[in-house]
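See structure below.
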Ligand SMILES: Nc1ncnc2c1ncn2[C@@H]1O[C@H](COP(=O)(O)OP(=O)(O)OP(=O)(O)O)[C@@H](O)[C@H]1O
Ligand SMILES: [Mg+2]
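Shown next as structure tokens:
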């Protein structure tokens, strides 16, 4: 384990801005690629970032996305001060969604995002409080080991 | 099969710059639900969809998809084309329906991409 400083990038995302949504995920993906991270890891990180970013944009009232690159892990954090998630267990199930119709018309809101984030990350932590906000932290281990 | 051949089979037209038509296409995923594309499509597959908003380009690029087919002749918004051009993602537009598009490509040897089962099934 080297003592290298982790690389940290933070981006603000605006609520309901569907033109800009996904810019952060694209930027993080390009950055990881340029640092020589293997393609499949870059792809997993970008899917996780994109799903989390869409949730922040759609449900969270906007927030801050960050990427932290450590020696052995990529950590993606999405933090918002939105409404929070009342029933997290339900929200983690495929098909559960409170997305409004205009979001569904854009092809989203099928309740697949959180399960997909779980699938593509090695470890997932979600802290949420109704009326205060949500912080999602997804870890992707670069050497591929899964936490038991 | 090259995307340029698919352009011919679907009597499609290029949208925007669409410079990379010489890309090889082996498999495809068709859906109007980007949630499902993100969860189920395998990377590298061609995306066939009837939606044309800017997030279609974002979704395709996250999955390293080599191209997008817009069906039912629906013209994309300007920002969709601009982003696709910026990302070097080719888009082709056909008047055929989703069903016809899939049928033609399937008959021509394009495979369905590997899809993991949904959990709980
Ligand atoms: N940051 C957030 N703030 C508040 N609620 C959230 C947040 N993220 C998710 N949720 C809640 O959890 C539900 C499930 O989220 P999930 O990402 O799985 O599906 P979705 O966003 O509704 O649809 P999809 O991701 O398929 O487009 C959402 O509908 C919403 O009710
Ligand atoms: Mg979501």
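Residue numbers (this note's numbering), protein chains in the order written: chain U, 767 to 914; chain Y, 897 to 1017.
Heads up, the beta-carbon is just placed ideally off N, CA and C, and yes, glycines get one too.
Note that the coordinates shown come from a computational prediction; the quantities given were computed from them, not determined experimentally.
Hey, does residue i have any beta-carbon neighbour from chain Y nearer than 8 angstroms?
i, result
"residue 862/U", "no"
"residue 914/U", "The predicted position of residue 914/U is uncertain, since its pLDDT is 41 and thus under 50; a value taken from the coordinates is nonetheless stated next. By this cut-off, residue 914/U is not an interface position."
"residue 878/U", "yes"
"residue 828/U", "no"
"residue 817/U", "yes"
"residue 800/U", "no"
"residue 923/U", "The requested residue 923/U does not occur in the structure, where chain U is confined to residues 767 to 914."
"residue 791/U", "yes"
"residue 868/U", "no"
"residue 882/U", "yes"
"residue 875/U", "yes"
"residue 809/U", "yes"
Could you give the distance in angstroms between the alpha-carbon of residue i and the alpha-carbon of residue j?
i, j, result
"residue 919/U", "residue 878/U", "Not covered by the structure: residue 919/U. The range shown for chain U is 767 to 914."
"residue 922/Y", "residue 934/Y", "19 angstroms"
"residue 903/Y", "residue 1002/Y", "14 angstroms"
"residue 946/Y", "residue 865/U", "20 angstroms"
"residue 913/U", "residue 913/Y", "Interpretation of residue 913/U is limited by its pLDDT of 45, a score under 50 that renders its predicted location unreliable; the figure taken from the coordinates is listed afterwards. Rounded to the nearest angstrom, the two C-alpha atoms are 45 angstroms apart."
"residue 771/U", "residue 837/U", "9 angstroms"
"residue 870/U", "residue 976/Y", "18 angstroms"
"residue 908/U", "residue 991/Y", "44 angstroms"
"residue 728/U", "residue 924/Y", "Nothing can be reported for residue 728/U: it is not among the residues displayed for chain U, which extend from 767 to 914."
"residue 959/Y", "residue 783/U", "22 angstroms"
"residue 892/U", "residue 846/U", "12 angstroms"
"residue 989/Y", "residue 916/Y", "15 angstroms"
"residue 842/U", "residue 907/Y", "43 angstroms"
"residue 813/U", "residue 897/U", "27 angstroms"
"residue 961/Y", "residue 853/U", "34 angstroms"
"residue 808/U", "residue 905/Y", "33 angstroms"
"residue 897/Y", "residue 899/U", "48 angstroms"
"residue 787/U", "residue 951/Y", "8 angstroms"
Please report whether the beta-carbon of residue i lies at a distance below 8 angstroms from any beta-carbon of chain U.
i, result
"residue 986/Y", "no"
"residue 962/Y", "no"
"residue 954/Y", "yes"
"residue 991/Y", "no"
"residue 950/Y", "yes"
"residue 905/Y", "no"
"residue 935/Y", "yes"
"residue 959/Y", "yes"
"residue 939/Y", "yes"
"residue 981/Y", "no"
"residue 899/Y", "no"
"residue 1025/Y", "The requested residue 1025/Y is not part of the displayed model; chain Y covers only 897 to 1017."
What residue range is occupied by the uninterrupted alpha helix (DSSP H) comprising residue i?
i, result
"residue 995/Y", "994-1003"
"residue 904/Y", "899-905"
"residue 812/U", "805-824"
"residue 879/U", "879-886"
"residue 950/Y", "950-958"
"residue 978/Y", "974-983"
"residue 870/U", "867-871"
"residue 930/Y", "930-936"
Identify the continuous beta strand (DSSP E) that holds residue i and give its terminal residues.
i, result
"residue 889/U", "889-895"
"residue 846/U", "839-846"
"residue 899/U", "899-907"
"residue 910/Y", "909-911"
"residue 990/Y", "From DSSP, residue 990/Y is part of no beta strand (DSSP E); its letter is neither H nor E."
"residue 944/Y", "942-945"
"residue 885/Y", "Nothing about residue 885/Y can be read from this structure; chain Y reaches only from 897 to 1017."
Measuring only between beta-carbons, confirm whether residue i sits less than 8 angstroms from chain C.
i, result
"residue 785/U", "Absent from the structure: chain C. Protein chains present are U and Y."
Does the Cβ of residue i lie closer than 7 angstroms to at least one heavy atom of ligand 3?
i, result
"residue 812/U", "Questions concerning ligand 3 fall outside what the structure shown contains, since the ligands it does hold are ligand 1 and ligand 2."
| Taking any heavy atom of ligand 2 as the mark, which residues have a C-beta closer than 6 angstroms to it, listed down the chain? | This selection yields 817/U, 820/U, 821/U, 879/U.
| task | Determine contact between the region 846-859 of chain U and the region 808-826 of chain U, defined as no fewer than three beta-carbon pairs at a distance below 8 angstroms. | result | Counting C-beta pairs closer than 8 angstroms gives three or more between the region 846-859 of chain U and the region 808-826 of chain U, which meets the contact rule.
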